[in-house]
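Engineer:
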Amino acid sequence: MAAAVRPEESEAFHFCGHLWTTGSCPSPMGWPRIDRHGYPLRPGDGRPIDNLGRLVNAEGFAIDSAGERLVGPDGEPLPRAPRTRLCEEWIRERYGLSSHTQGSWYRCCGNQIRKLVDCCSRSRRRINGDASLVGYCWNGNRVFCVMYYDSGLSC
Amino acid sequence: MVETFTPAVCGSKRRQRLALAGFAVGAVAASALVGAALGAVGALLGTQLAFLVAALALLAAAREAGIVRLPLPQLRRQVPERWRAELPLPVWSVGYGIGLGLGFVTFQPVATFWVACGAAVALGKPLAAGLCFAAYGAGRALMTAWPRHGQPDPTAAVESLARRRRLLLLGNVLALLVCAGLLAAAPAAGAAIQIQTAGAGLDPAAAWTVLGRARMGSGSSSVLLEPRGGTPITIDGAAAPAVDGGLLAYEDGQGVKVIDWRTGDLVARVDGQVAKPALDWPLLGFVRTDSTYKRLVVADYTDRASPVEHVITRISAGNDLGRPSLAGGRIAWHKLTATSSTIYAQRLATGRRSVVARSRVLVLANPSITLTRIVWVRQSSRACVLRMRSWASSTVRGIYRTTGSTRLLWTTALVGRTAYVTRWSLRTGASTLVRVNF
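Residue numbers (our numbering), protein chains in the order written: chain X, 861 to 1015; chain B, 30 to 467.
1) Quick check on B:V390 - is its C-beta less than 8 Å from some C-beta in chain X?
2) Can the beta-carbon of B:T141 be found less than 8 Å from the beta-carbon of B:L87?
3) Would B:L129 and B:A56 qualify as a contact pair, given that the criterion is a beta-carbon distance under 8 Å?
4) Tell me whether the beta-carbon of X:D978 lies closer than 8 Å to the beta-carbon of X:S992.
5) Closest to X:C1015 by C-alpha separation, out of X:R982, X:S983 and X:C968, would be which residue?
6) Find the nearest neighbour of B:Y373 within the set B:S383, B:A367 and B:L365, judged by alpha-carbon distance.
7) On a Cα-Cα basis, can you pick out the residue from B:W453, B:R426, B:S422 and B:T447 that is closest to B:T432?
8) So with CB distances below 8 Å, who are the chain X contacts of B:D349?
9) Tell me, please, which residues DSSP counts as bridged to B:V25.
10) Hey, X:P900 and X:N911: beta-carbon distance below 8 Å or not?
11) Have a look at X:F921 and B:V239 and give me their C-alpha separation to the nearest angstrom.
12) Spatial neighbours of B:S409 within its chain, please: C-beta separation below 6 Å, excluding the five flanking residues on both sides.
13) Figure out for me which residue from B:L253, B:V404, B:K364 and B:R430 has the closest Cα to the Cα of B:S468.
14) For B:L462 versus B:R244, is the C-beta spacing smaller than 8 Å?
15) Between X:W891 and chain B, is any beta-carbon pair separated by less than 8 Å?
16) Is there at least one Cβ from chain X nearer than 8 Å to B:A307's Cβ?
17) Give me the Cβ distance between B:D309 and B:L355, rounded to the nearest whole Å; I'm assuming they're in contact under 8 Å.
18) Taking a cut of 8 Å between CB atoms, which residues from the stretch 366-379 of chain B lie near chain X?
19) Since B:A268 meets chain X, which of its residues come closer than 8 Å, beta carbon to beta carbon?
20) With 7 Å as the C-beta to C-beta threshold (strictly closer), list the residues of the stretch 53-73 of chain B near chain X in chain order.
21) Report the rounded CA-to-CA distance for B:R44 versus B:G124, giving the unit in angstroms.
22) Counting Cβ pairs, one atom from each stretch, are 3 or more of them under 8 Å apart for the stretch 85-105 of chain B and the stretch 152-167 of chain B?
23) Can you have a look at B:F467 and say buried or exposed, based on whether 16 or more other CB atoms are within 10 angstroms of its CB?
24) With H, G and I counted as helix, E and B as strand and the rest as coil, what does DSSP make of B:V57?
25) Does B:S397 come out as helix, strand or coil in the three-state DSSP assignment?
26) Can you give me the Cβ contacts of B:P306 inside the same chain, cut-off strictly under 7 Å, excluding the 5 residues immediately before and after it?
27) Which residues of the stretch 294-322 of chain B have a Cβ closer than 8 Å to any Cβ of chain X? Give them in chain order.
28) What residues from chain B crowd round X:G913, counting only those whose CB sits closer than 7 Å?
29) Is the CB of B:L22 under 8 Å away from at least one CB in chain X?
30) If you measure from the beta carbon of X:R954 to each beta carbon in chain B, is any gap under 8 Å?
31) Using only the alpha-carbon positions, how far apart do X:A941 and B:G71 sit?
32) Do you know offhand how far B:L47's Cα is from B:A66's?
33) So, do the stretch 95-105 of chain B and the stretch 220-233 of chain B have three or more beta carbon pairs nearer to each other than 8 Å?
34) In the stretch 152-177 of chain B, which residue ranges form an unbroken alpha helix (DSSP H) of at least 4 residues, counting only runs that do not cross its ends?
35) Go ahead and pull the three-state DSSP assignment for B:G219.
36) Let's see if you can read the secondary structure: which residues bound the alpha helix (DSSP H) around B:E255?
Here it is in structure tokens:
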């Protein structure tokens, strides 16, 4: 009985937990890992990154793996780069769509609960170019691309 | 013309040679000046004119072939006869050379000169256009000397040339057709963009005849100024150069200084927490920083004893204003925050500000401007692109690109159709200047 109800490891379509064909939302490092507010995280370890893919500290300044601020060719610390939400800002700028984070589902990935999140818009086309589905979007929106958030909760 | 220098039975060979030399100097110099001026006009215009000039060449060929009848713009004049009587030989021979070397103040038998003028504007490079037009002046000087060469009677040589007029006109038509073809093909051939590294350094500063840069070494920086054809000048302890003709602005431990780089004389200084100078004298731009704000300031040194400062904009100290650029009555700068990046340009006379580019995703930074164009760097997680736009057009072109997250583009400079950009390595911090001719 226990074996029957044990949660299965989700098979990935292009990342773990994603079983459909909608493409990933654009992101600094290719994989659309986000924090709970929709800002980009480094896929491997979940550390916050800016839109250029650089690790950042709490103030948003680029740092190295040891936490020291990165410097430019003049020896001065690099200025902040934008760090914006993959759905609400990136999709709006790149595709001209009014997009919103709506709808989510959960899967067990890597022994922790992963929340898969739809970025929804009025577009009849998904980011891959084919027809969009309603999915878990609401209010007349349809799925444009997907992102994910790793909760860290064991499963 | 050669008979003018030494009329029959009057004047020696020495006199003739002296006159021919003076004529040649005047002709070559005047035509080179015309070419350089036209090239400078083309650089200022900054518009792709090759197709237009190709069409002009075709029209000229049709005219020369007798297919169309078109009057030519010209002054139907000859060199002033009275100069020979009133002025010394060296003066009037040079004067005659200048008159004919200019090309447009005397009789024009064919349309080719005007096509050449259009091509010089389309080329947009004063030096190259000046050299090409110098050949025109040399040709005029040659035609003055040639009839006398090996001939007892120079008029016979001229008459033999006149008898071949139809052949010469046909050759002219063919030359114009070839020019039209070359001009039409030039943009497609990608002749526009040339990339070259210009040595180690960062923060380029460029004027027509001088290139400046900062260099890092042993924990300190210096500014290197390289005048074309002159001796390089190094200023230790300086950084972030900006150059305007004979003046150099830079930041150092005390603030910002403006010097005459030829003499080293101090022209102006702003002390305190100021940096990132921009120079379009008597205007000096810089960024003043305090604990709360960064302010972009333009100081007007029209009255050097009492410069007037005007704050263009301010942002909170945690954000970035970058290195401003001043030219042609405008100032440009970037604003980098955690939520967006923006390239601004503002007309100083009216205060009218415009957004050149804005992004909530990418980094747009380090603009440089001239009277006619602006360049800036666009950075994503995968690539850096040097972007260019003419003020007269909204079309933006990428003119240089690096890929990857570690080979990046930084500060820029712009003069005519040449942009300079710092290319640097995130891994090592080493930087190189790249010259982009477009």
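Every residue, glycine too, gets a C-beta built ideally from N, C-alpha and C.
Structural biologist: In terms of the structure at hand:
1) Taking the first residue of the second sequence as 1, we reach residue 390 of chain B at position 361. It does: the Cβ of B:V390 has a partner Cβ on chain X nearer than 8 Å.
2) The residue labelled residue 141 of chain B in the question sits at position 112 within the second sequence. The residue labelled residue 87 of chain B in the question sits at position 58 within the second sequence. No, Cβ-Cβ distance for B:T141 and B:L87 is not below 8 Å.
3) Counted from its first residue, the second sequence places residue 129 of chain B at position 100. Counted from its first residue, the second sequence places residue 56 of chain B at position 27. Taking 8 Å as the Cβ cut-off, B:L129 and B:A56 qualify as a contacting pair.
4) Working through the first sequence from its first residue, we reach residue 978 of chain X at position 118. Working through the first sequence from its first residue, we reach residue 992 of chain X at position 132. Not in contact: X:D978 and X:S992 (Cβ atoms no closer than 8 Å).
5) Counting from 1 along the first sequence, the entry for residue 1015 of chain X is found at position 155. The residue among X:R982, X:S983 and X:C968 with its C-alpha nearest the C-alpha of X:C1015 is X:C968.
6) Within the second sequence, numbered from 1, the residue matching residue 373 of chain B stands at position 344. Taking only the C-alpha atoms, the option nearest B:Y373 is B:S383.
7) Translated into positions along the second sequence, residue 432 of chain B becomes position 403. Answer by Cα proximity: B:W453.
8) Counting from 1 along the second sequence, the entry for residue 349 of chain B is found at position 320. Simply P939 and R940.
9) For residue 25 of chain B there is no data in the structure shown, the boundaries of chain B being 30 and 467.
10) As a working note, residue 900 of chain X is residue 40 in the first sequence. As a working note, residue 911 of chain X is residue 51 in the first sequence. It is a contact, given that the beta carbons lie within the stated cut-off.
11) On the first sequence, residue 921 of chain X is found 61 positions in, with the first residue counted as 1. On the second sequence, residue 239 of chain B is found 210 positions in, with the first residue counted as 1. Straight-line Cα distance between these residues: approximately 36 Å.
12) In the second sequence, residue 409 of chain B corresponds to position 380, counting from 1. The residues are L391.
13) There is simply no residue 468 of chain B to check, as chain B begins at 30 and stops at 467 in what is shown.
14) As a position in the second sequence, residue 462 of chain B is number 433, starting the count at 1. As a position in the second sequence, residue 244 of chain B is number 215, starting the count at 1. No. Outside cutoff.
15) Translated into the one-based positions of the first sequence, residue 891 of chain X becomes position 31. Cβ-Cβ to chain B under 8 Å: no for X:W891.
16) Locating residue 307 of chain B in the second sequence gives position 278, where the first residue counts as 1. No, B:A307 does not count as interfacial toward chain X.
17) Translated into positions along the second sequence, residue 309 of chain B becomes position 280. Translated into positions along the second sequence, residue 355 of chain B becomes position 326. Correct: roughly 4 Å between the Cβ atoms.
18) Listed by position along the chain: T366, A367, T368, S369 and S370.
19) Working through the second sequence from its first residue, we reach residue 268 of chain B at position 239. Going along chain X in sequence order, the residues near B:A268 (Cβ under 8 Å) are D934.
20) none
21) Taking the second sequence and counting its residues from 1, the one referred to as residue 44 of chain B is at position 15. Taking the second sequence and counting its residues from 1, the one referred to as residue 124 of chain B is at position 95. Roughly 16 Å between the two C-alpha positions.
22) no
23) In the second sequence, counting from the first residue as 1, residue 467 of chain B sits at position 438. B:F467 should be labelled buried.
24) Counting from 1 along the second sequence, the entry for residue 57 of chain B is found at position 28. Helix, per DSSP.
25) Here residue 397 of chain B refers to the residue found at position 368 when the second sequence is read from its first residue. B:S397 falls in the strand class under three-state DSSP.
26) Taking the first residue of the second sequence as 1, we reach residue 306 of chain B at position 277. Closer than 7 Å at the Cβ level, and outside the excluded window around B:P306, lie A269, A271, A278, Y279, E280, V285, L313, G314 and F315.
27) none
28) Indexing the first sequence from 1 puts residue 913 of chain X at position 53. What X:G913 touches in chain B: S410 and S434.
29) Absent from the structure is residue 22 of chain B, since the part of chain B shown begins at 30 and ends at 467.
30) In the first sequence, the residue the question calls residue 954 of chain X occupies position 94. It does: the Cβ of X:R954 has a partner Cβ on chain B nearer than 8 Å.
31) The residue labelled residue 941 of chain X in the question sits at position 81 within the first sequence. The residue labelled residue 71 of chain B in the question sits at position 42 within the second sequence. Take the alpha-carbon of X:A941 and the one of B:G71: they are about 37 Å apart.
32) Mapped onto the second sequence, residue 47 of chain B falls at position 18. Mapped onto the second sequence, residue 66 of chain B falls at position 37. Approximately 28 Å between the Cα atoms of the pair.
33) no
34) Taking only runs of at least 4 residues, the alpha helix (DSSP H) segments lying wholly in the stretch 152-177 of chain B are 155-174.
35) The sequence position of residue 219 of chain B within the second sequence is 190, counting from 1. Per-residue confidence for B:G219 stands at a pLDDT of 46, beneath the threshold of 50, marking its modelled position as unreliable; no derived number is given.
36) As a first step, residue 255 of chain B must be located in the second sequence, where it is residue number 226. First-last for B:E255: S249 to P256, but that is the beta strand (DSSP E), not the alpha helix (DSSP H).
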